[in-house]
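Asks: Please see the structure below; I have some questions.
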Amino acid sequence: MAKVKRDIIAFKCTKCDSKNYTVYKTRNVKDKIELKKFCKTCKGHTEHKETKVKQ
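Structure follows, in structure tokens:
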């Protein structure tokens, strides 16, 4: 079986610390991702930072 070169990451809201989104990220990229996304808890667009997901 082929080796998977991607990790699952979660995006965490910077205001309320809730994990709203999960995506795949390649292992070659070393920088942490920061995006503006919609937060259900805050009910608005806020900055989301990358965090690890326990597997």
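For the sequence shown, the residue numbers in full-length UniProt numbering are 1 to 55.
Here a beta-carbon is modelled for each residue, glycine too, at the ideal position from N, C-alpha and C.
For clarity, every value in this text was computed on a predicted model and none was experimentally measured.
1. Which residue marks the beginning of the beta strand (DSSP E) containing T26, and which one marks its end?
2. Could you check the C-alpha separation between I8 and K15 for me, to the nearest Å?
3. What residues match up with D7 in a beta bridge as DSSP calls it?
4. Output the distance between the C-alpha atoms of F11 and V4, rounded to the nearest integer angstrom.
5. If you reduce the DSSP assignment to three classes, tell me which class C13 lands in.
Replies: To lay it out plainly:
1. For the purposes of this step, residue 26 is identified with residue 26 of the sequence shown, where counting begins at 1. In the DSSP annotation of this structure, the continuous segment of the beta strand (DSSP E) that includes T26 starts and ends at 19-26.
2. One-based indexing of the sequence shown puts residue 8 at position 8. One-based indexing of the sequence shown puts residue 15 at position 15. Their backbone Cα atoms lie some 22 Å apart in a straight line.
3. Here residue 7 corresponds to residue number 7 of the sequence shown, with the count starting at 1. Residue pairing for D7: DSSP places it in a beta bridge opposite K25.
4. Here the question's residue 11 lines up with position 11 in the sequence shown. Here the question's residue 4 lines up with position 4 in the sequence shown. About 21 Å.
5. As a first step, residue 13 is located in the sequence shown; it is residue number 13 there, counting from the start. Correct three-state label for C13: strand.
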